[in-house]
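J.:
Numbering (the working numbering), first residue to last: 273 to 662.
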């Protein structure tokens with residue numbers, strides 16, 4: 273009996289000690305993990321070094337510039353995103369959330385490196401996408417032409433990247449994104465799409481925009497089915513390469529949001545002109561933006577559907593290597609055409625500048641190729657001085 277009591281006592285004491293050890297170890301890990309990154313290890317890039325992306329919008333023929341805040345950390349270019357409403361003294365809940373972000377390591381999700389505290393505020397340090405966000409890539413029809421670079425196979429692969437990333441995210445401790453949109457999907461230099469701005473719900477609030485599911489436009493909640501709806505809106509952007517939530521029925525953003533909540537408005541998809549291979553994907557997209565969240569598929573089903581679509585493309589008569597060679601040849605021809613077009617524009621601008629100079633400057637300037645040897649000449653009614661205009 274005494275031996276039995278001692279054994280039970282030892283087991284109870286060992287269990288209690290183990291529980292305390294695990295709790296203390298967890299707290300130590302949180303404290304160790306969330307000492308901020310030393311600011312000396314992060315080199316802020318100057319304004320002249322900021323990545324400026326020029327986009328040529330086909331419809332309006334204008335250039336828009338977007339600036340992305342960058343820094344150097346551990347010999348890598350990273351994004352710095354301000355964590356608002358925070359002084360850097362994170363509570364336990366925030367540290368657990370940020371610690372969960374550090375454990376996310378997946379090919380189609382941007383890596384989170386930690387936080388850094390500057391005089392200007394507290395910033396999250398995230399992996400950088402060299403080509404900018406997906407919205408900018410879709411807008412740039414010069415660098416990424418429709419018939420060569422952004423063909424149907426490539427569009428499917430972009431959607432597949434997003435679906436894989438979201439499938440992993442939903443299965444992780446993060447569970448829900450809540451802010452999924454084309455501006456929160458970045459593209460690296462290998463044209464791999466990665467999702468960013470997930471987690472950090474204590475610092476980043478969700479907003480009501482054109483990617484938001486109708487049930488969440490009516491309230492401030494987030495859900496996995498809401499993420500599926502957002503994915504459908506992004507997919508429509510990828511396929512049509514037009515404005516977000518493009519529809520011919522209305523153009524005003526506020527009207528679109530109102531009609532999404534009240535009359536089940538959805539963006540346009542060309543079902544009438546879709547081929548057989550496109551129709552299957554279109555039907556999947558339509559199920560993803562269904563008004564009833566329970567009727568929307570989860571990302572695992574979406575991933576499987578897109579994976580089958582890619583397999584069908586690769587199982588055709590053309591081999592994968594032939595397909596790659598064909599795409600490279602098409603891209604090469606497009607680059608040649610682009611060089612010819614830009615050269616013609618350069619020559620036209622040069623001729624226009626020469627014509628303007630001919631009208632403004634005396635003929636003796638045009639005849640003398642070396643302006644440094646033009647002497648000052650005195651005339652009866654006026655004097656002339658020639659100088660090099662830089």
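Heads up, the beta-carbon is just placed ideally off N, CA and C, and yes, glycines get one too.
Which residues does DSSP list as the beta-bridge partners of residue 497?
T.: Taking the chain shown and counting its residues from 1, the one referred to as residue 497 is at position 225. In the DSSP output, where bridge partners are listed per residue, residue 497 has none listed.
J.: Helix, strand or coil for residue 315 per DSSP?
T.: As a working note, residue 315 is residue 43 in the chain shown. Residue state, collapsed to three classes: strand.
J.: Distance check for residue 631 and residue 538, CA to CA, integer angstroms please.
T.: Position 266 of the chain shown, counting from 1, holds the residue named residue 538. Position 359 of the chain shown, counting from 1, holds the residue named residue 631. Roughly 57 Å separates the two Cα atoms.
J.: So what's residue 387 in DSSP terms, helix, strand or just coil?
T.: Start at 1 with the first residue of the chain shown, and residue 387 comes out as number 115. Of the three classes helix, strand and coil, the one that applies to residue 387 here is strand, per DSSP.
J.: Could you have a look at residue 456 and say whether DSSP puts it in helix, strand or coil?
T.: Position 184 of the chain shown, counted from the start, is the residue given in the question as residue 456. Residue state, collapsed to three classes: helix.
J.: Below 8 Å between beta carbons: does that hold for residue 503 and residue 452?
T.: Position 231 of the chain shown, counted from the first residue, corresponds to residue 503. Position 180 of the chain shown, counted from the first residue, corresponds to residue 452. In contact: residue 503 and residue 452 (Cβ atoms closer than 8 Å).
J.: Would you mind giving the Cβ-Cβ distance between residue 397 and residue 355, rounded to the nearest angstrom? I have them listed as a contact below 8 Å.
T.: Counting from 1 along the chain shown, the entry for residue 397 is found at position 125. Counting from 1 along the chain shown, the entry for residue 355 is found at position 83. Not quite, the Cβ-Cβ distance comes to about 10 Å (not below 8 Å), so this is no contact.
J.: Looking at the secondary structure, which residues open and close the beta strand (DSSP E) in which residue 349 lies?
T.: Counted from its first residue, the chain shown places residue 349 at position 77. First-last of the beta strand (DSSP E) with residue 349: 348-354.
J.: So what does DSSP say about residue 467, is it helix, strand or coil?
T.: Counting from one through the chain shown, the residue named residue 467 turns up at place 195. Residue state, collapsed to three classes: strand.
J.: Could you check where the beta strand (DSSP E) with residue 426 kicks off and where it finishes?
T.: Sequence index remark: in the chain shown, residue 426 carries index 154 (1-based). Membership of residue 426 in any beta strand (DSSP E) is not indicated; the residue belongs instead to the alpha helix (DSSP H) covering 424-443.
J.: What did DSSP end up calling residue 541 once you bin it into helix, strand or coil?
T.: Within the chain shown, the letter at position 269 stands for residue 541. In the structure shown, residue 541 sits in coil (DSSP, three-state: anything other than H, G, I, E or B).
J.: Looking only at C-alpha atoms, which of 500, 424, 511, 460 sits nearest to residue 442?
T.: Here residue 442 is taken as the residue at index 170 of the chain shown, counted from 1. If we check each option's Cα against that of residue 442, 500 comes out closest.
J.: Where do the N-terminal and C-terminal ends of the beta strand (DSSP E) with residue 342 fall, by residue?
T.: Position 70 of the chain shown, counted from the first residue, corresponds to residue 342. Taken as a continuous stretch (DSSP letters only), the beta strand (DSSP E) holding residue 342 covers 342-345.
J.: Find the nearest neighbour of residue 383 within the set 359, 413, 542, 437, judged by alpha-carbon distance.
T.: Here residue 383 refers to the residue found at position 111 of the chain shown. Checking every option, the nearest Cα to that of residue 383 belongs to 437.
J.: Terminal residues of the continuous alpha helix (DSSP H) containing residue 409?
T.: Along the chain shown, read from residue 1 onward, the residue named residue 409 stands at position 137. Run containing residue 409: 406-411, per the alpha helix (DSSP H) assignment.
J.: Since residue 448 is in the beta strand (DSSP E), which residue starts that stretch and which ends it?
T.: One-based indexing of the chain shown puts residue 448 at position 176. Where residue 448 is concerned, there is no enclosing beta strand (DSSP E), given that its DSSP letter is neither H nor E.
J.: When the Cβ atoms of the segment 575-583 are set against those of the segment 543-558, are three or more pairs found closer than 8 Å?
T.: yes
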